[in-house]
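Protein chains in written order, with my numbering: chain A, 259 to 388; chain B, 259 to 388; chain C, 28 to 162; chain D, 28 to 162; chain E, 853 to 954; chain F, 853 to 954.
Let me begin by presenting the structure, written as structure tokens, before commenting on it.
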Amino acid sequence: MKFGIVVSEGPYTHQASDSAYNFVKAALATGHEVSRVFFYHDGVNVGTRLSIPPQDDRQIQEQWTALAKEHELDLVICIAAAQRRGLLDQNEADRQGKDANNIADGFRISGLGQLIEMGIQADRTITFGD
Amino acid sequence: MKFGIVVSEGPYTHQASDSAYNFVKAALATGHEVSRVFFYHDGVNVGTRLSIPPQDDRQIQEQWTALAKEHELDLVICIAAAQRRGLLDQNEADRQGKDANNIADGFRISGLGQLIEMGIQADRTITFGD
Amino acid sequence: MSIVKKFLYVNRKAPYGTIYAQEALEVVLIGAAFDQDVSMAFLDDGVFQLTKGQDTKEAGLKNFSPTFRALGDYEVTKLYVEQESLDERGLTLDDLQDIQWEDEDDDYAEKPSIIVVSRAGMADVMADQDVVLSF
Amino acid sequence: MSIVKKFLYVNRKAPYGTIYAQEALEVVLIGAAFDQDVSMAFLDDGVFQLTKGQDTKEAGLKNFSPTFRALGDYEVTKLYVEQESLDERGLTLDDLQDIQWEDEDDDYAEKPSIIVVSRAGMADVMADQDVVLSF
Amino acid sequence: MATLHTVNKSPFQNQTLISCLGHVKDGDSVLLMEDGVYGAMTGNAMSEVVAGMGANVKLFVLGADVSARGIDAGRVAEGITSVNYEEFVGMAASCDRVQNWL
Amino acid sequence: MATLHTVNKSPFQNQTLISCLGHVKDGDSVLLMEDGVYGAMTGNAMSEVVAGMGANVKLFVLGADVSARGIDAGRVAEGITSVNYEEFVGMAASCDRVQNWL
Numbered sequence: 259m260k261f262g263i264v265v266s267e268g269p270y271t272h273q274a275s276d277s278a279y280n281f282v283k284a285a286l287a288t289g290h291e292v293s294r295v296f297f298y299h300d301g302v303n304v305g306t307r308l309s310i311p312p313q314d315d316r317q318i319q320e321q322w323t324a325l326a327k328e329h330e331l332d333l334v335i336c337i338a339a340a341q342r343r344g345l346l347d348q349n350e351a352d353r354q355g356k357d358a359n360n361i362a363d364g365f366r367i368s369g370l371g372q373l374i375e376m377g378i379q380a381d382r383t384i385t386f387g388d
Numbered sequence: 259m260k261f262g263i264v265v266s267e268g269p270y271t272h273q274a275s276d277s278a279y280n281f282v283k284a285a286l287a288t289g290h291e292v293s294r295v296f297f298y299h300d301g302v303n304v305g306t307r308l309s310i311p312p313q314d315d316r317q318i319q320e321q322w323t324a325l326a327k328e329h330e331l332d333l334v335i336c337i338a339a340a341q342r343r344g345l346l347d348q349n350e351a352d353r354q355g356k357d358a359n360n361i362a363d364g365f366r367i368s369g370l371g372q373l374i375e376m377g378i379q380a381d382r383t384i385t386f387g388d
Numbered sequence: 028m029s030i031v032k033k034f035l036y037v038n039r040k041a042p043y044g045t046i047y048a049q050e051a052l053e054v055v056l057i058g059a060a061f062d063q064d065v066s067m068a069f070l071d072d073g074v075f076q077l078t079k080g081q082d083t084k085e086a087g088l089k090n091f092s093p094t095f096r097a098l099g100d101y102e103v104t105k106l107y108v109e110q111e112s113l114d115e116r117g118l119t120l121d122d123l124q125d126i127q128w129e130d131e132d133d134d135y136a137e138k139p140s141i142i143v144v145s146r147a148g149m150a151d152v153m154a155d156q157d158v159v160l161s162f
Numbered sequence: 028m029s030i031v032k033k034f035l036y037v038n039r040k041a042p043y044g045t046i047y048a049q050e051a052l053e054v055v056l057i058g059a060a061f062d063q064d065v066s067m068a069f070l071d072d073g074v075f076q077l078t079k080g081q082d083t084k085e086a087g088l089k090n091f092s093p094t095f096r097a098l099g100d101y102e103v104t105k106l107y108v109e110q111e112s113l114d115e116r117g118l119t120l121d122d123l124q125d126i127q128w129e130d131e132d133d134d135y136a137e138k139p140s141i142i143v144v145s146r147a148g149m150a151d152v153m154a155d156q157d158v159v160l161s162f
Numbered sequence: 853m854a855t856l857h858t859v860n861k862s863p864f865q866n867q868t869l870i871s872c873l874g875h876v877k878d879g880d881s882v883l884l885m886e887d888g889v890y891g892a893m894t895g896n897a898m899s900e901v902v903a904g905m906g907a908n909v910k911l912f913v914l915g916a917d918v919s920a921r922g923i924d925a926g927r928v929a930e931g932i933t934s935v936n937y938e939e940f941v942g943m944a945a946s947c948d949r950v951q952n953w954l
Numbered sequence: 853m854a855t856l857h858t859v860n861k862s863p864f865q866n867q868t869l870i871s872c873l874g875h876v877k878d879g880d881s882v883l884l885m886e887d888g889v890y891g892a893m894t895g896n897a898m899s900e901v902v903a904g905m906g907a908n909v910k911l912f913v914l915g916a917d918v919s920a921r922g923i924d925a926g927r928v929a930e931g932i933t934s935v936n937y938e939e940f941v942g943m944a945a946s947c948d949r950v951q952n953w954l
């Protein structure tokens, strides 16, 4: 079965991204497919490579990046939500005249259409938020 | 009278930073002093210069930067909260081996001690959060 | 894509205190291009999103409430509002914006988009969907 | 600085679902260096922060609950817990961690840090502060 | 030794206003702001609770947040005073402490 | 045509669980997760409400979130089944839709 996942809250502040990560790992472990993980609202902040969590805590962005690499997950950050919150890739930085980008490996920025497309193509859509 | 202000939530997602901004403006307009604005929890995200809000919306980071310039406000971003969430200045980026920083003009990064110090020195401490 | 699914956007939160209502609308507008069978649900504090007369100038916020009246142009015409949620908050239909859509198949007659349903009716609407997105 | 103010850290939220409890503790630990008159208040869902036996391994979260037992070493020794909040949640003192501090002035006797107060007593504690920080 | 309390959550969704009103002292002030302003409305399931529990305190509501949410001034309950941000500042200055119920 | 509902808020702080239980249909499942797991505890002010409103649905609780919060397994109300993440996935797969009450 194909799952589409929405993450609506930022890392550490809410448990949403942890719960989503646990769900995705369990889905993959039980033979399901995860067609996309869509990061919306503050969820876009999961995809910053500039975070430096305490060493004795889980490394949320790195966990997602590693899981994406291992399973070829499509981690999509909503462009509109990301612009509001300051999450950019190099393309966006160039286009908007910003002097830096902060997106992490394994994430890509795209439009809200990718959320709707995910809802259409996935057998189940599940949101982790606040 | 000297006010100390805490902002505990990120821009746009919660109204906290807008309310704090309105309060600080009103305090300054009525002859009070604002000894410091301390950004904690997701509040640290107010201080990113990489955000690109829609043009027809308020520009929250720019509003704070302008107000700080005009009134020499001390806008302090908590270093521990900022590390977790990926908000860095160049010093921190160098120290942590990160290849970019994203702090906006008018903000500085410092320790939690600045919050306690503010509480001691201000006549009133007020928190805007969720 | 020729699949047509039933999408429900669930709105249970008040506007302005948090961004969920505003960013939900952004999803609905983009989603309209996909020709799906779209409904919106307003219950609990979500009914406050539809109040008329919102004026955000003094608060310094962006007033997104006019967008609700544009939904008809995007063929989003089914806005289910829960009667019990209105009652608990002391609101009536008169307190909400007048949101309409033009029915092409009926000589462009203007028809109301807001459909007031009971709590049981809202549960029926929810149970009839393929995809439920909550904000 | 020789000013000594009464600081109260108010905890009304459950742990783990959100970060407020954990980041509140970080403030308390840093604040301890400033030699102020520090108290902590636990009411509403904040009383859940103090439960014993928290095991976050399967959820993949950081277990910060042992920090509460270290507070005594930082001379944070007044943890006010509201009786009514415990009652409403079906909790008793036995469900909470045993948090103690060593009283230097009493031959290092171990004394309990948790002080259970009524709702009215909590209101008295709150009204007796110079600075109230809420998490 | 009065306290200014602020509440920013809708009482229809969240217990914060109830908790605040359960801890206020005679002579304190409570300011409803952000989504908390819904607690100032008359004619609903919460109105009597607020009026009863808030009987010994002064209740205020932030006008900017009332307007933003499209609440007609006539719907704000009797006895609740609407203030602007400058008056909010003044209240914070004239009390002894501010407690923000988050 | 059953729905899996999830609730992630404490019922002592927030109305979400009550709202969810007011909208479930016979045969639906409700999974309490994150801070929502407090709604599964027995012997408190919410227990009877949850038992009454949830009588026609199957109630589940995410074990990982119960352990994290130090709730003894014996405190989870009778009739509420503890599941792990793999079982959560299985429930999501076998229902017709998932509705997350946020």
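The beta-carbon is built from N, C-alpha and C at its ideal position, and this holds for glycine as well.
Neighbour-count burial assignment, C:Ile30, 16 or more Cβ in a 10 Å radius: exposed
Interface flag, C:Asp71 vs chain F, CB-CB below 8 Å: Closer than 8 Å: yes.
Interface flag, B:Thr385 vs chain D, CB-CB below 8 Å: At least one C-beta of chain D is nearer than 8 Å to the C-beta of B:Thr385.
Same chain, Cβ closer than 8 Å to C:Ile142, five either side skipped, listed in chain order: Lys105, Leu106, Tyr107, Val108
Boundaries of the beta strand (DSSP E) in which C:Ile141 is found, first to last residue: 141-144
Contiguous beta strand (DSSP E) assignments of at least 3 residues, all confined to the region 309-388 of chain B: 333-336, 365-368, 382-386
Reduced DSSP category for A:Ala284 - H, G, I as helix; E, B as strand; rest coil: The DSSP-derived three-state label of A:Ala284 is helix.
Residue from E:Asp924, E:Val928, E:Ala916, E:Ala920 with nearest C-alpha to E:Glu939: E:Ala916
Three-state class that DSSP yields for B:Tyr270 in the structure shown: coil
Contact with chain D by A:Arg343, beta-carbon distance below 8 Å: no
Cutoff 8 Å; reference C:Asp64; Cβ partners in own chain excluding five residues on either side: Val31, Lys32, Lys33, Phe34
Segments assigned alpha helix (DSSP H), at least 4 residues, entirely inside the region 902-934 of chain F: 915-920
Residues of its chain near D:Asp130, where Cβ-Cβ distance is below 6 Å and the 5 sequence neighbours each way are ignored: Cβ within range, chain order: Ala136, Lys138.
Environment of E:Ser862 [buried if 16+ CB atoms lie within 10 Å]: buried
Range of the contiguous beta strand (DSSP E) that encloses D:Arg39: Careful: D:Arg39 lies outside any beta strand (DSSP E) and carries neither H nor E.
Minimum Cβ-Cβ distance from C:Leu52 to chain B less than 8 Å: no
Beta-carbon spacing of A:Ala256, A:Tyr298 below 8 Å: Since the first residue of chain A shown is 259 and the last is 388, residue 256 of chain A is not available in this structure.
7 Å Cβ shell around B:Val304 - same chain, five flanking residues per side excluded: Val265, Gly268, Pro269, Ser275, Phe297, Ile318, Gln319, Trp322
B:His299: contacting residues in chain D (beta-carbon distance under 8 Å): Ile46, Tyr47, Glu50
Beta carbon of C:Ala41 nearer than 8 Å to that of C:Phe75: yes
Unbroken alpha helix (DSSP H) run spanning C:Met67, endpoints: Here C:Met67 belongs to no alpha helix (DSSP H); instead the beta strand (DSSP E) covers 64-69.
Short Cβ contact (8 Å threshold) for B:Phe386 with B:Ser309: no
Partners in chain B for E:Asn952, counting only beta-carbon separations shorter than 8 Å: Ile384, Thr385, Phe386, Gly387
Spatial distance of C:Gly58 from C:Tyr36 (CA atoms): 10 Å
C:Thr94 - DSSP class collapsed to helix/strand/coil: helix
Residues of the region 865-894 of chain F with Cβ closer than 9 Å to any Cβ of chain C, in chain order: Hits within the stretch, in order: Gln867, Thr868, Ser871, Gly874, His875, Val876, Lys877, Asp880.
Interface flag, F:Asp917 vs chain D, CB-CB below 8 Å: yes
Given 8 Å, three or more beta-carbon pairs between the region 898-909 of chain F and the region 867-882 of chain F: Touching, yes.
CB contact flag (B:Val292, B:Ile335, <8 Å): no
Interface residues of the region 329-362 of chain B facing chain C [CB-CB below 9 Å]: none
8 Å Cβ cutoff met for F:Met893 and F:Val928: Between F:Met893 and F:Val928, the CB-CB gap stays under 8 Å.
Residue-level contact to chain B via CB, C:Leu88, 8 Å cutoff: yes
Beta-carbon proximity of B:His272 to C:Thr45, cut-off 8 Å: Between B:His272 and C:Thr45, the C-beta gap is smaller than 8 Å, which places the two residues in contact.
Selection from F:Gly942, F:Ser899, F:Val935 that minimises the alpha carbon distance to A:Lys260: F:Gly942
A:Gly262 (DSSP reduced to helix, strand or coil): strand
Check whether C:Ala154 and F:Thr855 have beta carbons under 8 Å apart: yes
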